[in-house]
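Numbering (my numbering), first residue to last: 21 to 115.
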């Protein structure tokens, strides 16, 4: 599952707000914020929400890289036509 840092980095890479991530992943904004701000330290990490976030980010062209012998955790981005062009802005959204 992605780490809190990977989720933050992927969202920034795509230029998505928290509102956009939550909309794309089908989760609430508060949960999206929790996963990317404190996700690694939360006692109960909702696996279904993490899977939904990962699926939404991967659909937009993000590949999560696991730690291996050649490097640490990271991301790779390959643009997907039309996947990252919708950004939700508004009240409560974090850019």
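Yeah, the Cβ is synthetic: ideal placement off N, Cα and C, and Gly gets one too.
Computed from a prediction, not measured in an experiment: that's the story for all the values here.
Local Cβ density within 10 Å of residue 56, reported as buried at 16 or more and exposed below that: Counting from one through the chain shown, the residue named residue 56 turns up at place 36. Classification of residue 56: buried, given that the 10 Å Cβ count is 16 or more.
Selected residue, minimal CA-CA separation from residue 80, among 35, 21 and 99: On the chain shown, position 60 is the one that residue 80 refers to. For the residues 35, 21 and 99, the minimum Cα distance to residue 80 belongs to 99.
Cβ separation of residue 29 and residue 95, assumed to be a contact under 8 Å, to the nearest whole Å: Taking the chain shown and counting its residues from 1, the one referred to as residue 29 is at position 9. Taking the chain shown and counting its residues from 1, the one referred to as residue 95 is at position 75. About 6 Å; that satisfies the 8 Å criterion.
Environment of residue 106 [buried if 16+ CB atoms lie within 10 Å]: Stepping through the chain shown from its first residue, residue 106 is reached at position 86. In this prediction, residue 106 has a pLDDT of 46, which is less than 50 and means its spatial position is unreliable; what the coordinates show is noted afterwards. Burial call: exposed.
Residue(s) in a DSSP beta bridge with residue 96: In the chain shown, residue 96 corresponds to position 76, counting from 1. DSSP output for residue 96 lists 83 as bridge partner(s).
Those residues which DSSP pairs with residue 91 across a bridge: Position 71 of the chain shown, counted from the start, is the residue given in the question as residue 91. Partner(s): 88.
Buried versus exposed, by CB contacts within 10 Å (16 or more), residue 90: On the chain shown, residue 90 is found 70 positions in, with the first residue counted as 1. Classification for residue 90: exposed.
Cβ neighbour criterion (16 or more within 10 Å) applied to residue 26: Numbered from its first residue, the chain shown carries residue 26 at position 6. Buried: at least 16 other Cβ atoms inside 10 Å.
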